[in-house]
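Residue numbers (the numbering used here), protein chains in the order written: chain A, 1 to 101; chain B, 102 to 512.
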């Protein structure tokens, strides 16, 4: 019985460590983005290359965010977004990461 | 946990696998977060909300970003005439190299030279005169945080500036040894940092300068910082130090310099990177890309490094002091005011230890009456140009050399 319990606990420990290693890398950063529609899209798009701190440091108007997304695609290797995704991302950024925040 | 959007998710998954772990959150946090999965949506962990985060070998820098790593020094920690390594700011455009071996490191000098060179650090030390200078490095975007309307980029406040002691060989000597061809007009620099996207074809930063500036005897190919190895985040084991021009000219993790017959067009040289409009613009004005020019010498500027802002002062008389610097020239005066600019007092100004070092200024002021004061500092350079009172706005938030102001309470 004790051996079974020990095995069970060590399996949990291994899974937890792996999960924590994954989670500690992602969740703290997600928390930097205010809740709102498009939050997850912004997180997964942007944090692929750089910290979310890069994003939330800024306070930009919608058209400067628009230029920024262009620059990301043209110079920095970001994939082209389809129009719906792009508008969603712009809507989120210009609402929550703007001079009015 | 995952986004509903499959293509964005896939992009993130691919990049996550490629991501260098060099400057990940783990490096900054340096700890396991046992209850991470319980963190409620929108709750910001206290440790991330702190201004000062732990970076190995650095003393209380303010973290702006951890990927890429960018951290500035609070002004009161820039009080030393020679900035200690643990207080030198960090500006990264990409991810620093993971594995660096100083013994096998090679610097290539090629392009428009008579004889291309490939030198180890040991060979640099043996073949060229070694010199040591205190040299000022300032980020072109220092002060960007105060722009209104805001500009895109790292939101530096005051501390993207330092004056450490650097040891190395003169860039001019190495270029002369290679032999500069007559049609060479510009340098181009490369380092081993990697692009955030993971694309091995892209450099995160590769800038250069006109040959005239390159031949300044105070530009160093440096292998020592304050008499010791370079800090890994400050470019170990080899970097350029080009004082007086934006810090991005001072290539870190330097492995190649080549000469060109045109203005260099590497990463962060083109578009509007390190460029300001050719004419004065209104805050928020849209400027066509062709109307920008490349930034050269940094403008006159100063910092109050003592006392720390928001200090309580209980003595009638106390010292106020700091540093002052100006691109390719020297400082002729620093004046201070503690009545919001109504009256100004001269300060005692020291000579720089060598050209391109900053200069210490200090003064004793007398405040018998209790209350709230601001101390403002204003430097004037040898061309009689002083710091402006307000920001000369430009779209990318560069060159904010407006006055540093601190608050004190006479208690």
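Cβ coordinates follow ideal geometry from the N, Cα and C atoms, glycine included.
These numbers were taken from a predicted model, which means no experiment stands behind them.
Specify, as a first and last residue, the run of the beta strand (DSSP E) that residue i falls within.
i             : result
residue 210/B : 207-212
residue 172/B : 170-173
residue 478/B : 472-482
residue 462/B : 460-467
residue 246/B : Segment: none, residue 246/B is in no beta strand (DSSP E) and carries neither H nor E.
residue 326/B : 321-326
residue 163/B : 163-167
residue 377/B : 376-378
residue 340/B : 340-342
residue 586/B : Outside the displayed span of chain B (102 to 512) sits residue 586/B, for which this structure offers no information.
residue 393/B : 393-395
From the beta carbon of residue i, is the nearest beta carbon of chain B less than 8 angstroms away?
i            : result
residue 62/A : no
residue 18/A : For residue 18/A, the predicted model reports a pLDDT of 45, less than 50, meaning its position is unreliable and no value from the coordinates is stated.
residue 87/A : no
residue 47/A : yes
residue 95/A : no
Give the interface partners of residue i over in chain A, defined as CB-CB distance under 9 angstroms, in chain order.
i             : result
residue 250/B : 59, 60, 61, 64 and 99
residue 256/B : 57, 58 and 59
So residue i is in the alpha helix (DSSP H); what residue range does that whole segment cover?
i             : result
residue 39/A  : 39-46
residue 227/B : 222-228
residue 96/A  : 83-96
residue 52/A  : 52-56
residue 76/A  : 62-76
residue 275/B : 272-279
Return yes when the C-beta of residue i is under 7 angstroms from any heavy atom of the ligand SAM, and no when it is not.
i             : result
residue 424/B : This structure does not include the ligand SAM; it has no bound ligands of any sort.
Interface residues of chain B around residue i at Cβ under 7 angstroms?
i            : result
residue 51/A : 166, 167 and 168
Report the neighbours of residue i on chain A: residues whose CB is nearer than 7 angstroms to its CB, in chain order.
i             : result
residue 298/B : 49, 76 and 77
residue 253/B : 58, 60, 64 and 68
So residue i contacts chain B; which residues on that side make the cut at Cβ distance below 8 angstroms?
i            : result
residue 70/A : Those do not exist, as residue 70/A stays about 11 angstroms from chain B at its closest Cβ, beyond 8 angstroms.
In the DSSP assignment, what residue or residues form a beta bridge with residue i?
i             : result
residue 430/B : 427/B
residue 414/B : 511/B
residue 311/B : 287/B
residue 199/B : Looking at the DSSP assignment, residue 199/B forms no beta bridge with any residue, so it has no partner.
residue 505/B : 478/B
residue 364/B : Partner(s): none; residue 364/B has no beta bridge.
residue 402/B : 426/B
residue 264/B : 237/B
residue 420/B : 465/B
residue 451/B : Per DSSP, none; premise fails for residue 451/B.
With 8 angstroms as the threshold, decide whether the Cβ of residue i is near any Cβ in chain E.
i             : result
residue 325/B : Going by chain labels, chain E is absent from the structure shown, which instead holds the protein chains A and B.
Counting only beta-carbon atoms, is residue i nearer than 8 angstroms to chain A?
i             : result
residue 362/B : no
residue 503/B : no
**Q.** Residues from the segment 300-334 of chain B in contact with chain A, defined by Cβ distance under 8 angstroms
**A.** Going along the segment 300-334 of chain B in chain order, one finds 300 and 303 with a Cβ nearer than 8 angstroms to chain A.
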